[in-house]
Amino acid sequence: MRREVPLIITAACGFIFIIQFFIPHPPLNRIQDVFNDWVNIIAGFAIVLGILNLLRVNLNKMSKKSKGWPYALFTILGLLAYVVIGLAFSGGRSFQNPGTAFYWVYINLFFPLNSTMFALLAFFVASASYRAFRARNKEATLLLIAATILMLGRVPLGEYLSGWLPSGWRLADLSDWIMDFPQTAGQRAIMMGIALGIISTSLRIILGIERTYLGGD
Amino acid sequence: MKKILVSSFLFLAAGLIQAQVPAPPTDVKAYDTPDDAGNSISIEWVMSADDKEGVVTGYEILRSESPQGEYTRVGDAPRGTNSYIDSGPQNGKDYFYKIRALSAAGPSDSEPSAAVQTKAQWFKRNRVNGLVALLLLSGGILYFIRKARSGKEIYIRKIAGIEAVEEAVGRATEMGRKIVFIPGIQDMDNMQTIAGITILGHVARKAAEYEAKLEVPVSRALVMVACREITKQAFTAAGRPDAYKDDMVYYITDDQFGYTAALDGLFVREKPAAIFMQGAFFAESLILAETGNYIGAIQIAGTAQPSQLPFFVAACDYTLIGEELFAASAYLSKDVKLLGSLKGQDVGKFLMMAAILVGVILTSLGVYDLSRIFTVR
Amino acid sequence: MDANSFFNIGNLIAGILTIGIVSFLYKDNPLYKFCEALFVGISAGYWLVIIIFTVILPKLYDKLVSQEYVYLVGGAFGVLMLLRLVPKISWLSNWALAFVVGSTAGVNLIGYMQSNGMNQVKNTILPLWTGAWGSSIGNLIIVVGTFCGLVYFFFSKEHKGVFGGLAKVGILFLMVTFGAAFGYTVMSRMSLLIGRMDFIFGAWWGLIR
Amino acid sequence: MDFWQKLLAVDRRVIFALVAVAIIIPFFLNFPIKITVSPPVNAVYDYIEKLPTGSLVMISCDYDPPSAPELQPMTETMLKHFFLKDLKVIILGLWPQGSVQANIALEVVMRDPILKAKNLKYGVDYVNLGFTAGNEFVIIRMGTDIHAAFPVDFNGTKIAELPLMQNVRNFNNIAFVFNVSAGYPGTYEWVIFGVDRYRFKLGAGNTAVQAPLVSPYVQSGQLIGLLGGMRGAAEYEEVSHYFGKAMGFMRSQTFSHAVVIFFIIVGNLAYFMTRGKRT
Chain A
1 MRREVPLIIT AACGFIFIIQ FFIPHPPLNR IQDVFNDWVN IIAGFAIVLG ILNLLRVNLN
61 KMSKKSKGWP YALFTILGLL AYVVIGLAFS GGRSFQNPGT AFYWVYINLF FPLNSTMFAL
121 LAFFVASASY RAFRARNKEA TLLLIAATIL MLGRVPLGEY LSGWLPSGWR LADLSDWIMD
181 FPQTAGQRAI MMGIALGIIS TSLRIILGIE RTYLGGD
Chain B
1001 MKKILVSSFL FLAAGLIQAQ VPAPPTDVKA YDTPDDAGNS ISIEWVMSAD DKEGVVTGYE
1061 ILRSESPQGE YTRVGDAPRG TNSYIDSGPQ NGKDYFYKIR ALSAAGPSDS EPSAAVQTKA
1121 QWFKRNRVNG LVALLLLSGG ILYFIRKARS GKEIYIRKIA GIEAVEEAVG RATEMGRKIV
1181 FIPGIQDMDN MQTIAGITIL GHVARKAAEY EAKLEVPVSR ALVMVACREI TKQAFTAAGR
1241 PDAYKDDMVY YITDDQFGYT AALDGLFVRE KPAAIFMQGA FFAESLILAE TGNYIGAIQI
1301 AGTAQPSQLP FFVAACDYTL IGEELFAASA YLSKDVKLLG SLKGQDVGKF LMMAAILVGV
1361 ILTSLGVYDL SRIFTVR
Chain C
2001 MDANSFFNIG NLIAGILTIG IVSFLYKDNP LYKFCEALFV GISAGYWLVI IIFTVILPKL
2061 YDKLVSQEYV YLVGGAFGVL MLLRLVPKIS WLSNWALAFV VGSTAGVNLI GYMQSNGMNQ
2121 VKNTILPLWT GAWGSSIGNL IIVVGTFCGL VYFFFSKEHK GVFGGLAKVG ILFLMVTFGA
2181 AFGYTVMSRM SLLIGRMDFI FGAWWGLIR
Chain D
3001 MDFWQKLLAV DRRVIFALVA VAIIIPFFLN FPIKITVSPP VNAVYDYIEK LPTGSLVMIS
3061 CDYDPPSAPE LQPMTETMLK HFFLKDLKVI ILGLWPQGSV QANIALEVVM RDPILKAKNL
3121 KYGVDYVNLG FTAGNEFVII RMGTDIHAAF PVDFNGTKIA ELPLMQNVRN FNNIAFVFNV
3181 SAGYPGTYEW VIFGVDRYRF KLGAGNTAVQ APLVSPYVQS GQLIGLLGGM RGAAEYEEVS
3241 HYFGKAMGFM RSQTFSHAVV IFFIIVGNLA YFMTRGKRT
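Heads up: the protein sequence lines correspond to chains A, B, C and D, in order. Residues 1 to 217 in the working numbering are what the first sequence lists, from first letter to last. Residues 1001 to 1377 in the working numbering are what the second sequence lists, from first letter to last. Residues 2001 to 2209 in the working numbering are what the third sequence lists, from first letter to last. Residues 3001 to 3279 in the working numbering are what the fourth sequence lists, from first letter to last.
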C-alpha cells in the first residue's frame, strides 16, 4: 500500500496525459483542465502545512530566545495580520480591488519590499560584471564581448558611439544580429537538450525507475 | 439577387449617392472540424466580391437547424477572412450555415450550406508525427535502460559541477559550517524542481555520511513535503536515521522575493560553506549567487531556465547547464538504469541532429521541405 | 521637497521599507532584519489569501456548489496532503504527491517534446542559400551553432578529436548566448532600480516633476 | 599592494554607490536622446495600425508590480494605441496582479483629452476579465471558450452580461492579442499553447530578460513583433508618438549602462596590469 499505490498513481496519471495528447474524444479532452485544477487544489491545501511550519519555526525561535528572536515576532504578526485583513476586512472575493484594506497593505508594504528586493539586482549585476567579466581565456572573452555589445546596443549610448558607421553596422544592429543568430543557435541547443532531459526524466518517473521524490525504497 | 438589383436601380434612379449592398459571399462549405472532441463545425466561404476597404465591414456567421428555418448569429469574422470555427453546435444534429456580408448599406446573405453534423473523433491524425517522435525518443531511452540492466558498461563523460558535489560537502564538514540546498522557487509541478530534489537526495546522503550540517529552506509547501521525504530517506540510507530532523527542511514563503530576502539574510548571518541551487530559478538567481559569492561559499548551481544560466555561470563556481541538471541525478546515483537513460538521451540528440542535417541539405537543394513533418498542431 | 507627499502615511511606510531593504547593500543591520522578517510574514500571508480566493473557493467550493462532483477527488487529494499533520498516517500524503508528480511528468513529456523538441528542429531546418548573403550567413550560423551546441551536451561520448572540436565550437556558442543574455538583462535590472528611485525622488519626496 | 591590485579588490560598495549615482543624476537632467525603432517594434505598430476599426483586441498583463517599471509603460502605450484606433479591448491577466496593473494603466491612459472626448464605456468599449488561476491552461481553455475560462470579470459581473463579450467565444473572434510578460506564465506559454494551437495573431512586450528567449518566435513568425524591455517601450513611444515615462527613464538607463561598461573596462585593465604579479 505504502509503496505500490503512489507508483501506480504516478504511472497512471503520466500515461493518461500522454495519450490525451493524441485522443480528442471526451472525457480525455477535459482531463487536462480538471487535473490541473486538482494540482492547484492540492498545492492550495499544502500551503497550510507551509504556514503552520513557518509559525512553528518562528514561535520556537521566540520561546527559545535564540539569536534574533524579536524579529520572529514581526514575521508572525505580519502573517496573521495580513491574513485576517485579507479574509475578513477586504470585501471577500473582491479583496484585491483598489480601496480595500488588503490593497492598501499591498501597495504600501508588500509592494515596496518586493520591488526593492528585486531592484537590488541592478547593483548585483554591476558587481558581477566587474568581477566575472575578465578576458581570462577564449570563452570568457567571447562572453565579455557579447555582453558589452548588447549593453551598448540597447541604449542610446551605442548610437552616439557608433552613429558614424553605415546603417546596418552600428552597435544596435550588431546586438540585434547577435541576438538573432549566434544567440538563437545557442539557445536552441540548450532548449533541445532540455527537452531530452525532461522526456527522459518524465519517462523514468512514470515507469517508476526514478522514485526518490517518494522517499525512495 | 434580383431584389438587390432592383433596389440598387431604384437608388440610382432617385439620384441618391448611396452605397449599394455588397455582393453576397458564395460557396459556403461547412464540415465537422477534424480531429477534435466534437461540438465544433468549420465553415469556409468565398468572400464577397466587394470585400474591400469601405464596402464590406465584416461577416456574420448564421446558423440554423433547418435550411429554411430561423438563422441565428453565432459569430463574426473580420473583413478579408474566409473561415470560421463554430464551437456552439451539439454532436449528432443537422446544421445549416449562411454567411452574411455586412456593409454600411446593409447586409447580404449567402445561400445556406449543405447539412452538416459534428462528432468526437478518437485520434488526432495531425499528431501522427508527434506519436512517431514520442515512440522513437522514448524507445531509444527505454532500449538503453534495458541494455544497461543487462550489465553492459556505459561510458559517461565527466560533468565538472557534479564531480564537485563531494568536494563542496567535504569542505563544509571541514569548516564546520552549514550546507544550504535551495530547490528553486517553483512547485512540484515543474520538472526542474523534481530534478533538483533528486539531487538533494544525493547531497543529503553525502552530508549524512560526512556528518555535515544540512539546511533546506524552501518556498513551496509541497516541495517541503517532498524534500523531507527525500532527506529522511537519504539519512536512513547513509545509516544515520537518528541524525535526520524535520527542521532541516523548512518553509519560508511562497513569495519569490520574500524568500530571496530571507535567504540573503541567512547567507550573511550563517555564512554557509557550500550553497547548492538546483531547480527552477528566476530573477533571484543573481541576488543569491552574488551574496553567496560575497560570503565566500562554494556554489554549485543548476537550472534549465535559459535566461538565468548566464548569472549562475558568472557568479557560481560550477553550473549545470540545462540538460545537465536532469542528468545529474542519474550521474550521482551511479544506478545503471539511470545511466542507460542518459545514453538514450544521446540517441535522441543524434536523431535531432540527423534530422537537422538531412533537412538542411534537402531544403538547400530545394528537394523537399523536411520541416513540414516536424510541425505538430 | 513636498511635505504632503512626504508625510503621507502610506508613502512614509513604503519609503522606510524601501530604504531598509537597500541598506542591506551596505551591511546586514537591524532595519534590514526587521524588513526581512516583516516581508516573510506579509508575503506568506499574501499568498495564503490569494490561494484561498483564487484556488480553493473558485476551483473547489464553487465547483462543488455547481455540482461538479468530480472535484471531490481533487478535494480528497488535498485532504490527504493535510494528513502530513498526523504522523501515523502521514504516508497517505504521498498519494497526492504521486498524483502531482505523475501528471507533471506526463504533461511535460508531451509539451517539451513538441515545443522544445520538434518545433526547434523544425525551426532549425533552414535553407543555407536564401538568395541574399546576410540571411544565408545567418542561417548557416544558426545551423552550425545549434548542431555544435548539441554535440556539447552528449554525455556518452568523450569530447576528443573531431567530436571534441565540435563540442568546443558548441561551448563558444553557449558563451556568446550567455554573454548576450547577460548584456540584454542589465537593462531590465537597471529599469527596476530606476522605478524604485523614481518612487523615492518623485512620488515620495516630490523632487521630480 | 599597488594601485591596480587595490582596484581589483575594490569594496563592492563603491560599485553600488556609483550605480546609484548614475541612476539618480539623470532624473534631474534633461538632455535629448535619440532612439531608433527596431523592426520587431515597428511590426507590432504597423499591425495594429492596419486593423479595421472596431476589431476586437486582447491584452494580457502577465506581470506584477516589481516588473512594472519596465512593463507598465508598454501597457499604457498599447492601451492608448488601441483606444485611439477605436479598437475594442479585452483585458486580462494570467498573473494575480496583472489585471490590477492594467486598471492602474487604464486610469493613466483615460486622462488623455482625446480619449476623454471619446467617452469610452466599460463593458462596451473595453472589459477587464481579471485573473484566473491555471497558467497556460487558462490559454487552452480560452481557445475553446473564453466564457468558461473567465465566467466573471474583474468586478465580479457575469461576463455574459457585458455587451462587448456577447459575441466573443474564443480566439476566432479576436483580431490581435498582445501579451505583456515578465516570466511564467507569459509569452512562451502564449506561443506554445495559444498561437501554435489556435493560430491567432500575437504580439508581445517582455522584460529585457525574457526578450532573448522569445525572440526566436519573431524569426519563426509565431510572434508578429516584440517589445524588449524599457528600450522596446521607448521605441514604441517613438513610433506611436505617445510619450510616457519610458523615454525619460532611458536617460538613467544610458548612464547606468555606461557605468557598468566602465567597470568592465577598469576591471579588465586591472586584471591585465596585475597578471604577472599574482601568486
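Just so you know, even glycine gets a beta-carbon here, dropped at the ideal spot from N, CA and C. Keep in mind it's a predicted model, so treat the numbers as computed, not measured.
Compute the Euclidean distance between the alpha carbons of Val2162 (chain C) and Ile1154 (chain B), then round it to the nearest angstrom.
As a first step, residue 2162 (chain C) must be located in the third sequence, where it is residue number 162. As a first step, residue 1154 (chain B) must be located in the second sequence, where it is residue number 154. Taking C-alpha positions only, Val2162 (chain C) is separated from Ile1154 (chain B) by approximately 21 Å.
Within this structure, are the beta carbons of Val3037 (chain D) and Glu3238 (chain D) separated by less than 9 Å?
Counting from 1 along the fourth sequence, the entry for residue 3037 (chain D) is found at position 37. Counting from 1 along the fourth sequence, the entry for residue 3238 (chain D) is found at position 238. In this structure, Glu3238 (chain D) lies closer than 9 Å to Val3037 (chain D) by Cβ.
Report the option in B:Gly1106, B:Ser1285 and B:Ile1099 whose CA atom is closest to the CA atom of Pro1310 (chain B).
The count along the second sequence starts at 1 and reaches residue 1310 (chain B) at position 310. Comparing Cα positions, the closest option is B:Ser1285.
Extent of the continuous alpha helix (DSSP H) run through Ile1185 (chain B):
Locating residue 1185 (chain B) in the second sequence gives position 185, counting from the first residue. Neither: Ile1185 (chain B) is in no alpha helix (DSSP H) and is coded neither H nor E.
For the stretch 3182-3235 of chain D, which segments carrying the alpha helix (DSSP H) assignment without a break, of at least 4 residues, lie completely within its bounds, in sequence order?
3211-3219
For the putative contact between Glu3070 (chain D) and Ser2191 (chain C), defined by C-beta atoms under 8 Å, what is the C-beta separation to the nearest angstrom?
Sequence index remark: in the fourth sequence, residue 3070 (chain D) carries index 70 (1-based). Sequence index remark: in the third sequence, residue 2191 (chain C) carries index 191 (1-based). Right, the Cβ-Cβ distance comes to about 4 Å (below 8 Å), so this counts as a contact.
Determine whether the beta carbon atoms of Lys1343 (chain B) and Phe2155 (chain C) lie at a separation below 9 Å.
Reading the second sequence from its first residue, position 343 is the one you call residue 1343 (chain B). Reading the third sequence from its first residue, position 155 is the one you call residue 2155 (chain C). Yes, the pair counts as a contact, with Cβ atoms nearer than the cut-off.
Opposite Thr1319 (chain B) in the DSSP bridges: which residues?
As a first step, residue 1319 (chain B) must be located in the second sequence, where it is residue number 319. Looking at the DSSP assignment, Thr1319 (chain B) forms a beta bridge with B:Ala1301.
Cα-Cα separation, Ala11 (chain A) to Ile205 (chain A):
The residue given as residue 11 (chain A) occupies position 11 in the first sequence. The residue given as residue 205 (chain A) occupies position 205 in the first sequence. Going from the Cα of Ala11 (chain A) to the Cα of Ile205 (chain A) covers about 8 Å.
Within the present structure, is the beta-carbon of His3241 (chain D) separated from the nearest heavy atom of the ligand NAP by less than 8 Å?
This structure lacks the ligand NAP, and indeed carries no ligand of any kind.
From Leu59 (chain A) to Ala72 (chain A), what does the alpha carbon distance come to, in whole angstroms?
In the first sequence, residue 59 (chain A) corresponds to position 59, counting from 1. In the first sequence, residue 72 (chain A) corresponds to position 72, counting from 1. So the two alpha carbons sit approximately 7 Å from each other.
Helix or strand or just coil, what does DSSP make of Lys64 (chain A)?
Mapped onto the first sequence, residue 64 (chain A) falls at position 64. The answer is helix: DSSP assigns Lys64 (chain A) an H, G or I state.
Can you pull out the residues from the stretch 2157-2188 of chain C whose beta carbon lies closer than 8 Å to at least one beta carbon of chain A?
Gly2170, Ile2171, Leu2172, Phe2173, Leu2174, Met2175, Val2176, Thr2177, Phe2178, Gly2179, Ala2180, Ala2181, Phe2182, Gly2183, Tyr2184, Thr2185, Val2186 and Met2187
Touching by the beta-carbon criterion (3+ pairs, under 8 Å), the stretch 1035-1054 of chain B and the stretch 1075-1091 of chain B:
yes
Would you tell me roughly how many angstroms separate the C-alpha atoms of Leu1016 (chain B) and Ala1105 (chain B), rounded to the nearest one?
Counting from one through the second sequence, the residue named residue 1016 (chain B) turns up at place 16. Counting from one through the second sequence, the residue named residue 1105 (chain B) turns up at place 105. Note that Leu1016 (chain B) scores a pLDDT of 43, beneath 50, so its modelled location is shaky and nothing firm can be said.
For a quick check, are the C-beta atoms of Val2176 (chain C) and Pro182 (chain A) less than 9 Å apart?
For the purposes of this step, residue 2176 (chain C) is taken as the residue at position 176 of the third sequence. For the purposes of this step, residue 182 (chain A) is taken as the residue at position 182 of the first sequence. Less than 9 Å separates the beta-carbon of Val2176 (chain C) from that of Pro182 (chain A).
Label Glu1229 (chain B) either buried or exposed according to how many other C-beta atoms from any shown protein chain fall within 10 Å of its C-beta, with 16 as the threshold for buried.
The residue labelled residue 1229 (chain B) in the question sits at position 229 within the second sequence. With 16 or more Cβ atoms within 10 Å of its Cβ, Glu1229 (chain B) is classed as buried.
If you follow the alpha helix (DSSP H) that Gly3134 (chain D) is in, where does it begin and where does it stop?
Translated into positions along the fourth sequence, residue 3134 (chain D) becomes position 134. No alpha helix (DSSP H) contains Gly3134 (chain D), which DSSP labels as neither H nor E.
Inter-residue spacing [alpha-carbon to alpha-carbon] between Asp3145 (chain D) and Asn3170 (chain D)
If you number the fourth sequence from 1, residue 3145 (chain D) lands on position 145. If you number the fourth sequence from 1, residue 3170 (chain D) lands on position 170. Asp3145 (chain D) and Asn3170 (chain D): Cα-Cα distance of roughly 5 Å.
Taking 9 Å as the CB-CB limit, is Tyr3271 (chain D) close to chain A?
Residue mapping note: residue 3271 (chain D) aligns to position 271 of the fourth sequence, counting from 1. Yes - at least one Cβ of chain A is within 9 Å of the one on Tyr3271 (chain D).
Between Asn114 (chain A) and chain C, is any beta-carbon pair separated by less than 9 Å?
Here residue 114 (chain A) is taken as the residue at index 114 of the first sequence, counted from 1. So, interface residue.
Would you mind sorting Pro3040 (chain D) into buried or exposed? The rule is 16 or more other CB atoms within 10 Å of its CB.
As a first step, residue 3040 (chain D) is located in the fourth sequence; it is residue number 40 there, counting from the start. Classification of Pro3040 (chain D): buried, given that the 10 Å Cβ count is 16 or more.
Looking at chain D, is there any beta carbon in it that lies within less than 9 Å of the beta carbon of Tyr160 (chain A)?
Here residue 160 (chain A) corresponds to residue number 160 of the first sequence, with the count starting at 1. Cβ-Cβ to chain D under 9 Å: yes for Tyr160 (chain A).
Between Ser1371 (chain B) and the rest of its own chain, which residues show a CB-CB distance below 8 Å, the 5 nearest in sequence each way excluded?
Against the second sequence, residue 1371 (chain B) aligns to sequence position 371. Spatial neighbours of Ser1371 (chain B) in its own chain (CB-CB distance under 8 Å, excluding positions within 5 residues in sequence) are listed in chain order as Gly1359 and Thr1363.
Could you tell me which residues DSSP puts in a beta bridge with Gln1278 (chain B)?
Indexing the second sequence from 1 puts residue 1278 (chain B) at position 278. Beta-bridge pairing links Gln1278 (chain B) to B:Gly1302.
Take the Cβ of Ser167 (chain A) as the centre, count every other Cβ of all protein chains shown within 10 Å, and call the residue buried at 16 or more, exposed below.
Here residue 167 (chain A) corresponds to residue number 167 of the first sequence, with the count starting at 1. It is exposed - the Cβ of Ser167 (chain A) has fewer than 16 other Cβ atoms within 10 Å.
Can the beta-carbon of Leu203 (chain A) be found closer than 9 Å to that of Ser1341 (chain B)?
Along the first sequence, one-based indexing puts residue 203 (chain A) at 203. Along the second sequence, one-based indexing puts residue 1341 (chain B) at 341. Taking 9 Å as the Cβ cut-off, Leu203 (chain A) and Ser1341 (chain B) qualify as a contacting pair.
For Thr1363 (chain B), would you say it is in contact with chain D, using Cβ-to-Cβ distances shorter than 9 Å as the test?
To locate residue 1363 (chain B), count along the second sequence from 1; it is residue 363. It does not; no Cβ of chain D falls within 9 Å.
Per-residue burial, Thr1033 (chain B) [other beta carbons within 10 Å of its own, 16 or more giving buried]
By 1-based counting over the second sequence, the position of residue 1033 (chain B) is 33. By the 10 Å Cβ count, Thr1033 (chain B) comes out buried.
My assumption, with CB atoms under 8 Å, is that Leu1134 (chain B) sits in contact with Met2113 (chain C). Please give the rounded CB distance.
The residue labelled residue 1134 (chain B) in the question sits at position 134 within the second sequence. The residue labelled residue 2113 (chain C) in the question sits at position 113 within the third sequence. The Cβ separation is near 6 Å, so the contact holds.
His3081 (chain D) touches chain C at which residues, Cβ-Cβ below 9 Å?
In the fourth sequence, the residue the question calls residue 3081 (chain D) occupies position 81. In chain order: nothing, as chain C lies at least about 21 Å away.
For Met1001 (chain B), which residues in the same chain have their Cβ closer than 7 Å to its Cβ, ignoring the five residues on either side in sequence?
In the second sequence, the residue the question calls residue 1001 (chain B) occupies position 1. Caution applies to Met1001 (chain B), whose pLDDT of 49 falls short of 50 and renders its modelled position unreliable; the value that the coordinates give is listed next. So no residue of the chain qualifies.
Starting from Ser1101 (chain B), follow the beta strand (DSSP E) in both directions and report where the run begins and ends.
Taking the first residue of the second sequence as 1, we reach residue 1101 (chain B) at position 101. It should be noted that the sequence gives Ala, not Ser, for residue 1101 (chain B). Residues Phe1096 to Ser1103.
Given a limit of 9 Å on CB to CB distance, which residues of the stretch 2020-2050 of chain C reach chain A?
Gly2020, Ile2021, Val2022, Phe2024, Leu2025, Pro2030, Lys2033, Phe2034, Cys2035, Glu2036, Ala2037, Leu2038, Phe2039, Val2040, Gly2041, Ile2042, Ser2043, Ala2044, Gly2045, Tyr2046, Trp2047, Leu2048, Val2049 and Ile2050
Measure the alpha-carbon distance for Met191 (chain A) versus Ser1307 (chain B) and round it to whole angstroms.
Here residue 191 (chain A) corresponds to residue number 191 of the first sequence, with the count starting at 1. Here residue 1307 (chain B) corresponds to residue number 307 of the second sequence, with the count starting at 1. Near 11 Å, if we compare the C-alpha coordinates of Ser1307 (chain B) and Met191 (chain A).
Other residues of its chain near Tyr3217 (chain D): CB distance less than 6 Å, five sequence neighbours each side excluded:
In the fourth sequence, residue 3217 (chain D) corresponds to position 217, counting from 1. Excluding sequence neighbours, Tyr3217 (chain D) sits near Val3191 and Leu3223.
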